[in-house]
Each structure stands twice: as structure tokens, then as C-alpha cells.
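Trainee:
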Amino acid sequence: MNNRPDALIFDMDGTLWDAVDSYVWIWNEAFRQLDIERTFTREQMVGMMGKQFDEIINECMPDSEAQDVKKAYNKIAELQKISMPLLGGKLYENVKDGIISLSKKYKIFILSNCESYGIQQFIDYTGLNDYIIDHISFGETRMPKAMNMHFLKAKHSLQNPIYIGDTDSDAKQSKNAGIPFALVTYGLVIVKILISNLMIFHL
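Below, the structure written as C-alpha cells:
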């Protein structure tokens, strides 16, 4: 049986780039414009990475009326659409060269819990359009990562995809989907990755 992967599905935030400072600015600016006395730090934002956008906003406004939560959600989304193409993030070391190199041997995908426009903003900002076969996000489907993994696998007839991420949540979602998980630590060196069965797979 050939277990060699035919596709690599990457998480985005915390795996391919660090855009936390941009998110901090966007969230703080959104709350400022709405006259909500709440300030976020980088450390707080890092702790929220990987969660679905609606989960994050509800956790940040637990005592607020639903209409106020929706206003904050919409304002953050509005500012992110406008600001992220300009602010962007910082790719981790070797990521761009690694993606380009790996795309010659494997189909490359991105799957994230961001909003529907987030992954395309990343691709445009980093200039990786020619190397990403497809992408999918929570914002597009309103489904957890495990379901979106199944969606990509079926859509592209993938036989042995691997999901590559940086959190325990990523690992759990991969397990739920029955897809091997590769944990990255930083800086990201895409030469070999740790698979969930504790084998080192040399790409």
C-alpha cells in the first residue's frame, strides 16, 4: 500500500504566516469605531487563533445583546476586507520557497477557519496564486475543519491528503476527518513533517 501523500492541505494563520498584529489593529479599530471599551493585545489574539470567527466574537462579548455582537462582527469583517490587502502578514521563514517547491510534486490546498475572503487575501498578498490548487474556509461553508477536509478530498478526488497545522485543534479536526496530521513548529522548514502516527515523512 502506497501511503505517499498526493496532496498537502495547509492551515493558514500560525502555519504559513503571522498576521496577528494586523488582526489586533483591525479588532481594536472596529471596537473603537463602535465606541466599545475593549482593547486587544497580541497575546490575547494569539490565544484566539484557530477558532471560528463567530466563536471568537461571542467569547469576546459574552454579556452583549445579539444585535451588538452582530454589529461588531460586521464591522470587523468590513475593516478586514479593506485593511488586510494592505496590512497583510509576515510569512514564516522558507514558506514561500517551500510551497513553490512542494507544488511541483503535490497538490497544494489551504483550509482555514477564517472568513470567506481571508484565504484569497493571503494568496494575493503573498503572490502564491500559481501554486495553490484550491482553498476553503469556515466563512464559505460555516462548517468545521473536519467537514471541509472531506469536502476538498471529495471535490478533488484526493487519495492520501495530509493536513498541516500548528494547534491541538488542528490535530483533533484531522483525526475527526480521518486524515493524517502534520505539526509544524517555527520557523517553518518544509523539508520533513511530523505525521500523527509519529513517523517522519520525507517530502
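Going by this note's numbering, the sequence shown opens with residue 7, and the numbers climb by one from there.
All C-beta atoms, glycine included, are put in the ideal place defined by N, C-alpha and C.
Secondary structure at isoleucine 170, three-state DSSP: helix, strand or coil?
Mentor: Indexing the sequence shown from 1 puts residue 170 at position 164. DSSP places isoleucine 170 in strand when its eight states are reduced to three.
Trainee: Quick check on the DSSP output: the alpha helix (DSSP H) that includes leucine 93 runs from which residue to which?
Mentor: Within the sequence shown, the letter at position 87 stands for residue 93. Segment 72-93, the alpha helix (DSSP H) holding leucine 93.
Trainee: Buried or exposed for threonine 21, please, with buried defined as at least 16 other CB atoms from any protein chain shown within 10 angstroms of its CB.
Mentor: Translated into positions along the sequence shown, residue 21 becomes position 15. Answer is buried; the Cβ neighbour count reaches 16.
Trainee: Would you kindly report the start and end of the unbroken beta strand (DSSP E) that includes aspartate 41?
Mentor: Translated into the one-based positions of the sequence shown, residue 41 becomes position 35. No beta strand (DSSP E) holds aspartate 41; DSSP gives it neither H nor E.
Trainee: Are lysine 96 and alanine 25 touching if we call contact CB-CB under 9 angstroms?
Mentor: Residue 96 sits at position 90 when you count from the first residue of the sequence shown. Residue 25 sits at position 19 when you count from the first residue of the sequence shown. Cβ distance < 9 angstroms, so lysine 96 and alanine 25 count as in contact.
Trainee: Please state if the CB of tyrosine 131 and the CB of glycine 184 are separated by a distance shorter than 9 angstroms.
Mentor: Translated into positions along the sequence shown, residue 184 becomes position 178. Translated into positions along the sequence shown, residue 131 becomes position 125. 9 angstroms or more divides the Cβ of glycine 184 from the Cβ of tyrosine 131.
Trainee: Which residue marks the beginning of the beta strand (DSSP E) containing isoleucine 2, and which one marks its end?
Mentor: No information on residue 2 is available, as it lies outside the stretch 7 to 209 that the chain covers here.
Trainee: Less than 6 angstroms between C-beta atoms, sequence neighbours within five positions excluded: which residues of the same chain meet that for glutamine 86?
Mentor: Walking along the sequence shown from the start, residue 86 turns up at place 80. If we look at glutamine 86 and ignore the five residues flanking it on each side, its Cβ neighbours are Ile32.
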